[in-house]
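Below is one structure, written out as structure tokens; comments come after it.
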Ligand code: SF4
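Residue numbers (my numbering): 13 to 473.
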């Protein structure tokens with residue numbers, strides 16, 4: 013793992029135990045995502061794309077499956093075993109007599125691991141789930157679901173936002189508004205470098221991104237930003253302590269009566285930030301949406317809410333698992349534009365999972381192609397689209413309908429994804445491959461670099 017790498021997945025093997033047998037869903041997946049890049053992960057349904065993302069997030073249910081081998085390194089933490097002092101695994105496969113396999117897990121150790129991962133999940137790594145209707149909690153209002161990760165992870169940042177707004181003097185504030193309105197890059201940069209003024213500057217800039225407002229409206233909104241009630245001494249002390257102690261509260265503040273008084277400001281600020289996040293994903297009647305339940309929103313809106321939730325804490329790595337599948341084409345285009353825009357603004361890395369190659373062509377920098385639990389080809393987007401090497405990638409690209417193929421029969425890859433309980437030996441693609449050789453049925457091909465940064469796992473090379 014070097015400085016340019018955000019996350020490294022190394023030889024990852026994930027197995028699920030079912031009544032039909034052990035499903036070898038991932039069979040040695042290896043790839044890395046670099047800083048500020050979008051890696052597109054493509055492949056047919058059932059090839060292991062979502063399992064890869066769930067493994068990174070530590071979200072594989074312990075009653076269904078587990079990582080049996082391999083590592084996921086994120087910021088020098090092995091996400092498959094983040095608690096180095098935990099000598100025994102929390103979830104493991106037990107092989108019994110007659111080849112019977114059971115999944116066992118130790119609840120105490122599992123909860124401990126999840127508690128640790130909770131500090132990273134939603135803060136440094138966030139995920140946009142495939143189905144917004146099932147991923148959002150149907151009995152909680154959007155406002156609660158959006159503010160919860162903010163309050164859980166970023167109390168100190170919320171406190172800083174309040175103090176930054178209240179403590180700034182009028183002259184400095186006017187200068188900041190002027191810098192944002194007239195796009196004075198140098199001044200904006202210098203304000204962003206000051207930890208006390210950064211939260212306010214970000215708030216001002218979030219208004220600038222709203223496309224539905226005129227310049228005059230933007231300037232009015234910026235000036236209205238400082239409409240807070242003055243802080244009383246108890247509130248000020250609490251907020252200052254939160255900033256100093258990186259979000260940790262002393263026991264004194266947890267007394268219910270005191271907590272109720274001082275915590276109100278944090279909740280209000282979280283709601284304010286939630287509205288800004290909704291504006292960021294082009295939902296402009298945010299104050300109404302916050303009071304609604306998921307079923308009251310359209311599919312596109314729910315998906316945007318999911319994206320806003322994922323972006324709440326400016327994650328370093330954003331995993332988007334087919335975020336546009338359930339959407340109509342217009343909303344799809346808006347969401348893709350939005351994600352490109354966010355990558356540019358927040359500077360995070362994105363793992364974009366989809367089976368839609370058109371979407372990948374639009375958004376990805378590099379592309380990884382998955383087949384039956386393996387990465388078979390990975391490389392820069394142009395290489396994958398214009399010079400595909402693996403027979404599976406070639407088949408996938410041929411099956412995209414084009415003007416040329418409109419009048420002909422559409423190309424299909426013969427056969428279907430193999431049963432992963434008993435996957436084919438050697439190269440898992442060999443039963444469907446037009447170039448299969450004898451060695452392909454025996455030995456698994458290893459990944460080889462055939463051009464700069466372009467890797468392929470195939471015996472043809
Ligand atoms: Fe086809 Fe063999 Fe290459 Fe697999 S290793 S894709 S079977 S040629």
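By construction, the Cβ of each residue, glycine as well, lies at the ideal position given by its N, Cα and C atoms.
Three or more C-beta pairs closer than 8 Å, one from the region 400–419 and one from the region 82–94: is that the case here? no
At a threshold of 7 Å, does residue 471 count as lining the ligand SF4 (C-beta to nearest heavy atom)? To locate residue 471, count along the chain shown from 1; it is residue 459. Yes.
Residues near residue 175 in its chain [Cβ-Cβ closer than 6 Å; skip 5 each side]: Along the chain shown, one-based indexing puts residue 175 at 163. Excluding residues within five positions, the ones whose Cβ falls inside 6 Å are 251.
Please identify the residue among 429, 361, 449 whose C-alpha is closest to the C-alpha of residue 438. Taking the chain shown and counting its residues from 1, one reaches residue 438 at position 426. Taking only the C-alpha atoms, the option nearest residue 438 is 449.
Report buried or exposed for residue 277, applying the criterion of at least 16 other Cβ atoms within 10 angstroms of its Cβ. As a position in the chain shown, residue 277 is number 265, starting the count at 1. The residue in question, residue 277, is buried, as its Cβ has 16 or more Cβ neighbours within 10 Å.
Do you know how far the Cα of residue 25 is from the Cα of residue 44? The residue you call residue 44 lines up with position 32 of the chain shown. The residue you call residue 25 lines up with position 13 of the chain shown. Taking the straight line from one Cα to the other gives about 16 Å.
Under the criterion of a Cβ to heavy atom distance below 7 Å, does residue 59 qualify as lining the ligand SF4? Counting from 1 along the chain shown, the entry for residue 59 is found at position 47. Answer for residue 59: no, Cβ out of range of the ligand SF4.
Over what stretch of residues does the beta strand (DSSP E) that includes residue 475 continue unbroken? With the chain covering 13 to 473 only, the question about residue 475 has no answer from this structure.
Provide the residue span of the alpha helix (DSSP H) that contains residue 191, from first to last. Walking along the chain shown from the start, residue 191 turns up at place 179. Unbroken alpha helix (DSSP H) run through residue 191: 182–193.
Kindly indicate the opening and closing residues of the beta strand (DSSP E) around residue 39. The sequence position of residue 39 within the chain shown is 27, counting from 1. Residue 39 -> beta strand (DSSP E) spans 33–46.
For residue 238, which of helix, strand or coil comes out of DSSP? The residue labelled residue 238 in the question sits at position 226 within the chain shown. If DSSP states are grouped into helix, strand and coil, residue 238 belongs with coil.
In the DSSP assignment, the alpha helix (DSSP H) including residue 159 goes from what residue to what residue? In the chain shown, the residue the question calls residue 159 occupies position 147. Unbroken alpha helix (DSSP H) run through residue 159: 154–165.
Closest residue to residue 384 among 52, 63, 230 (Cα-Cα distance): Position 372 of the chain shown, counting from 1, holds the residue named residue 384. Out of 52, 63, 230, 63 has the C-alpha closest to the C-alpha of residue 384.
Starting from the C-beta of residue 457, find all residues in its chain whose C-beta is less than 7 Å away, skip the five residues before and the five after it, and write them out in chain order. The count along the chain shown starts at 1 and reaches residue 457 at position 445. These residues qualify, in order along the chain: 439, 469, 470, 471.
For residue 331, list the residues DSSP reports as bridge partners. The residue you call residue 331 lines up with position 319 of the chain shown. Looking at the DSSP assignment, residue 331 forms a beta bridge with 139, 363.
State the DSSP-derived secondary structure class of residue 553, mapped to helix, strand or coil. The chain is shown only over 13 to 473; residue 553 falls outside these bounds and no answer can be derived.
Among the candidates 296, 401, 358, whose CA atom is the shortest distance from the CA of residue 330? Here residue 330 refers to the residue found at position 318 when the chain shown is read from its first residue. Measuring from the Cα of residue 330, the nearest candidate turns out to be 358.
Just the Cα atoms here: how many angstroms apart are residue 397 and residue 349? Numbered from its first residue, the chain shown carries residue 397 at position 385. Numbered from its first residue, the chain shown carries residue 349 at position 337. Taking the straight line joining both Cα atoms gives about 21 Å.
Find the nearest neighbour of residue 289 within the set 320, 390, 156, 283, judged by alpha-carbon distance. The residue given as residue 289 occupies position 277 in the chain shown. Of 320, 390, 156, 283, the residue nearest in Cα terms is 320.
What does the alpha-carbon distance come out to for the pair residue 323 and residue 332? Stepping through the chain shown from its first residue, residue 323 is reached at position 311. Stepping through the chain shown from its first residue, residue 332 is reached at position 320. So the alpha carbons of these two residues sit roughly 11 Å apart.
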